[in-house]
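Residue numbers (our numbering): 202 to 501.
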């Protein structure tokens with residue numbers, strides 16, 4: 202017998218026993234926040250929808266409240282990650298859905314992410330497909346982050362920076378102290394889940410063009426995202442980052458020594474510097490590995 206796909210979604214919603222909270226960080230998103238909250242409550246009328254107002258200068262608070270959301274306001278703008286942490290602490294549901302409040306994420310995709318979570322995963326990330334990136338430059342950058350994270354974790358990372366994700370609340374709260382206050386909370390939380398041995402899945406989504414003006418600045422946040430590359434390495438497996446650099450320095454040192462010994466019959470200061478640098482970088486990697494292990498020890 203044929204079943205309407207929307208009826209199947211409603212059936213899943215009705216039978217889902219998990220208390221659900223939806224957290225939306227918002228900074229001056231009055232143009233989109235009302236529609237987003239209304240759409241969420243249409244699919245999940247019993248859900249707890251929390252809008253974290255991060256220092257908005259427009260009518261975000263009023264629009265979100267009128268749409269049926271619970272609004273928590275920061276006295277000043279602290280950053281997207283800080284808003285996520287505030288929402289995660291306030292959420293009462295066993296499962297938390299994180300979404301952008303700017304209209305990019307479709308609440309109709311929530312049931313698909315929850316269905317994957319029901320399969321035994323601890324985090325399900327909405328992986329943006331081709332054509333969903335805000336710009337060509339950001340698409341290239343995100344592709345690079347994905348490949349780097351895949352190398353670091355040994356797992357295929359389809360979308361490292363997506364802010365649309367469903368998590369088990371108790372596991373997500375374990376890593377709140379790791380999350381930055383800025384824009385890289387998706388990167389940090391994904392890597393933390395992998396490091397802790399939790400199960401992460403990806404569900405394809407299409408992200409629409411945002412409503413309103415983006416708060417990301419190319420030069421300012423481009424430098425921050427560059428630092429994310431190094432943070433990924435030190436957060437997950439430092440030796441995978443420091444090891445290749447150490448080996449490269451040692452090989453350069455040995456190569457330069459071989460050249461100078463053959464040509465000048467001497468051991469130069471440059472060879473000593475490269476070899477010493479390689480050893481020091483390797484030892485820094487070992488120390489970082491121990492620190493990282495302590496960060497992820499089970500405190501329960």
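For each residue, glycine too, the CB sits at the ideal point set by N, CA and C. The model shown is predicted, which means the values in this text are computed figures rather than measured ones.
Item                                                                                                                    : Value
Residue(s) in a DSSP beta bridge with residue 449                                                                       : Residue 449 pairs with nothing; no bridge assigned.
Residue 272 to residue 398 span [Cα, whole Å]                                                                           : 34 Å
Proximity below 8 Å, CB of residue 346 to CB of residue 281                                                             : no
Continuous beta strand (DSSP E) stretch holding residue 300: start and end                                              : Taken as a continuous stretch (DSSP letters only), residue 300 belongs to no beta strand (DSSP E), as it is neither H nor E.
Any chain C beta carbon closer than 8 Å to residue 274                                                                  : Judged by its chain identifiers, the structure shown contains no chain C, having just a single protein chain.
Inter-residue Cα distance where the pair is residue 266 and residue 318                                                 : 29 Å
Beta-carbon spacing of residue 223, residue 326 below 8 Å                                                               : no
Whole-angstrom distance between residue 467 and residue 348, CA atom to CA atom                                         : 42 Å
Residue 152, DSSP secondary structure in three states                                                                   : Any property of residue 152 remains undetermined from this structure, which presents the chain solely from 202 to 501.
For residue 242, the nearest candidate out of 260, 312 and 447 (CA to CA)                                               : 312
Where residue 222 sits in the DSSP three-state scheme                                                                   : strand
Cβ contact (3+ pairs, closer than 8 Å) linking the stretch 291-307 and the stretch 248-256                              : yes
Residue 327: first and last residue of the uninterrupted beta strand (DSSP E) it sits in                                : 324-329
Close-in-space but distant-in-sequence residues of the same chain around residue 382 (CB under 6 Å, 5 per side omitted) : 279, 280, 282 and 283
Residue 470, DSSP secondary structure in three states                                                                   : helix
The stretch 471-482 touching the stretch 367-384, judged by at least three CB pairs closer than 8 Å                     : no
Buried versus exposed call for residue 264 [16 or more other C-beta atoms within 10 Å across all chains shown]          : buried
Touching by the beta-carbon criterion (3+ pairs, under 8 Å), the stretch 440-458 and the stretch 469-476                : yes
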